[in-house]
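**Q** In the numbering used here, the protein residues as written are 100 to 486. We treat Cβ as the ideally placed atom computed from N, Cα and C, and that holds for glycine. Handing you a structure now.
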Amino acid sequence: MNKLKSPIYVTKPSLPDLQEFLPYLEQIWDTKILTNNGPFHKQLEKELGEFLGVPYISLFANGTLALVTALQVLGISGEVITTPYSFVATSHSLLWNNIKPAFIDIEPEFCNLDPGKIEAAITSKTTAILPVHVYGNPCKVERIGEIANRHGLKVIYDAAHSFGVDYNGQSVCNYGDISILSFHATKVFNTMEGGAIICHDANTKKQIDFLKNFGFAGETAIMACGINSKMNEMQAALGLLQLKQHHENKGKRKVIDHLYRANLEGIKGISFLAEPKNTESNYAYFPIFVDEQEYGLSRDLLYEKLKEKGIYGRRYFYPLISEFPMYEVYKSANSPKLLKAHEASQKVICLPIYPDLKLHEVEFVITCISDFAGAIESKKMGAAIKK
Ligand code: T4K
Numbered sequence: 100m101n102k103l104k105s106p107i108y109v110t111k112p113s114l115p116d117l118q119e120f121l122p123y124l125e126q127i128w129d130t131k132i133l134t135n136n137g138p139f140h141k142q143l144e145k146e147l148g149e150f151l152g153v154p155y156i157s158l159f160a161n162g163t164l165a166l167v168t169a170l171q172v173l174g175i176s177g178e179v180i181t182t183p184y185s186f187v188a189t190s191h192s193l194l195w196n197n198i199k200p201a202f203i204d205i206e207p208e209f210c211n212l213d214p215g216k217i218e219a220a221i222t223s224k225t226t227a228i229l230p231v232h233v234y235g236n237p238c239k240v241e242r243i244g245e246i247a248n249r250h251g252l253k254v255i256y257d258a259a260h261s262f263g264v265d266y267n268g269q270s271v272c273n274y275g276d277i278s279i280l281s282f283h284a285t286k287v288f289n290t291m292e293g294g295a296i297i298c299h300d301a302n303t304k305k306q307i308d309f310l311k312n313f314g315f316a317g318e319t320a321i322m323a324c325g326i327n328s329k330m331n332e333m334q335a336a337l338g339l340l341q342l343k344q345h346h347e348n349k350g351k352r353k354v355i356d357h358l359y360r361a362n363l364e365g366i367k368g369i370s371f372l373a374e375p376k377n378t379e380s381n382y383a384y385f386p387i388f389v390d391e392q393e394y395g396l397s398r399d400l401l402y403e404k405l406k407e408k409g410i411y412g413r414r415y416f417y418p419l420i421s422e423f424p425m426y427e428v429y430k431s432a433n434s435p436k437l438l439k440a441h442e443a444s445q446k447v448i449c450l451p452i453y454p455d456l457k458l459h460e461v462e463f464v465i466t467c468i469s470d471f472a473g474a475i476e477s478k479k480m481g482a483a484i485k486k
């Protein structure tokens, strides 16, 4: 088992052919329209809305600002029930709005917020639920919706990982009051940096568009303390080209996902998430979970040994958000236990998956994971024989 010639990372962004991008740049250079709802911005909003099958979409400079603005447009305040098993942007968006995060545990099946834990966490200050479709796998949206309705709570889905994911025949972003997407370089669809809010009505979209442009409602009127979170014309132009190759890219990711599934299955101590039902996946991530007892190596040792071979996975999501020191102030004696989330964060490694990843590289990753375990087995056997 040699080392790879060039390292492979958890992801590598797809880009269109540079030649195809040049005419878009020429148009930007000719017109000098660089930002502020220019023609590419308008075109991408229209095409994305149709492509995803969502009613209203508003483009953003990134997913984090989309989250911050989504909370603002719905007037969320007080406390929000959310998951600790996510990228820190999820709960940072609450803090930016002066909202207290109330963390509850996840369900181990897909590492998403456990709906069974929501009601016990509701207080008189709770105004909303902020779940994440972690790794692009849909949350239990029906149950979450039903609980939210019963208690008069809003639901904001952090769908940063869920570009192009359909659930029950429609975009997963159509669930809840609002969803946000990320188009960061590391995502299945990227505009270098970027994001979007998806909402259900024209008036909310109008308010969002005001908020992302400082709160301007016309040339001389300000409706609220908005921010500047607009996507620029270069990002939007890139998005138009990226959209054309999305299906092909998804197909390549699917092949890699299936290769991992078929070959990692037999390795003792390595598990992975099932394929979600009634879902058209986007194959954004391939997390594995390492059981140290059964596999023989700890997650962190496997992570380091893979790096020695040139394989740079990532421990998404370790540590838990609630375990970052700055989040400990939100913990009290009555806070729910986050045992399942803690366990997942201690076991997870996301393996490389991206359209340009070669199948022999995927096979190399699998061989390493399998051989490290094999080496442990033979060492143990050797020791037994010696005895
Ligand atoms: N909500 C959730 C649930 C999220 O996961 C995220 C972001 C957000 C909200 C916020 O959305 P944005 O505001 O970001 O739009 C990355 C991303 O920066 C972040 O967008 C993402 N989630 C998070 C899960 O992962 P890092 O610190 O792991 O990224 P980095 O720079 O280490 O990149 C990972 C690997 O990707 C590198 O080792 C190499 C490769 N890479 C990366 C970049 C940036 C490239 O090949 N080219 C690149 O340009 O956070």
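(1) Who pairs with A227 in a beta bridge, going by DSSP?
(2) Tell me, which residues are paired with T378 by DSSP?
(3) How big is the Cα-Cα spacing for K479 and I465?
(4) Going by the beta-carbon positions, is the gap between F120 and E332 smaller than 8 Å?
(5) If we ignore side chains and look at the alpha-carbon of each, how far apart do F282 and E146 end up?
(6) Beta carbon of T181: closer than 7 Å to some heavy atom of ligand 1?
(7) Within the same chain, show all residues whose beta-carbon is closer than 7 Å to that of H345, passing over the 5 residues directly before and after it, in chain order.
(8) At which residues does the alpha helix (DSSP H) containing S444 begin and terminate?
(9) Taking DSSP as the reference, what is the three-state secondary structure of E206?
(10) Quick one: is the Cβ of G235 within less than 7 Å of any heavy atom of ligand 3?
(11) At a cut-off of 7 Å, is A320 close to ligand 1 when judged by its beta-carbon and the heavy atoms of the ligand?
(12) One question on the structure: do A219 and L252 come within less than 8 Å of each other, judged by their Cβ atoms?
(13) So if DSSP puts C298 in a beta bridge, which residue, or which two residues, is it bridged to?
(14) In terms of DSSP beta bridges, what is V389 paired with?
(15) N327 and F309: beta carbons closer than 8 Å?
(16) Check Y402 in the structure and name its three-state DSSP category.
(17) Got a sec, what are the start and stop residues for the alpha helix (DSSP H) D67 sits in?
(18) Can we count T163 as close to ligand 1, meaning its CB is less than 7 Å from some heavy atom?
(19) So L419 and Y359 are in contact, right, with Cβ under 8 Å, and what is the actual spacing, rounded?
(20) Residues in the same chain with beta-carbon distance under 8 Å from K486, minus the five sequence neighbours each way, listed in chain order, please.
**A** To lay it out plainly:
(1) V179 and K253
(2) Y266
(3) Any reading at K479 must be qualified, since the residue scores a pLDDT of 43, below 50, and its modelled position is unreliable; no value is offered.
(4) no
(5) 15 Å
(6) no
(7) G263 and F288
(8) L438 to K446
(9) strand
(10) Looking at this structure, you won't find ligand 3 anywhere; what it does contain is ligand 1.
(11) no
(12) no
(13) Y155 and I277
(14) I369
(15) no
(16) helix
(17) Since the displayed the chain opens at 100 and closes at 486, residue 67 lies outside it and no answer follows.
(18) yes
(19) L419 to Y359, Cβ: 25 Å. No contact.
(20) At K486, the pLDDT of 28 sits below 50, so the modelled position is not reliable and the matter cannot be decided from this model.
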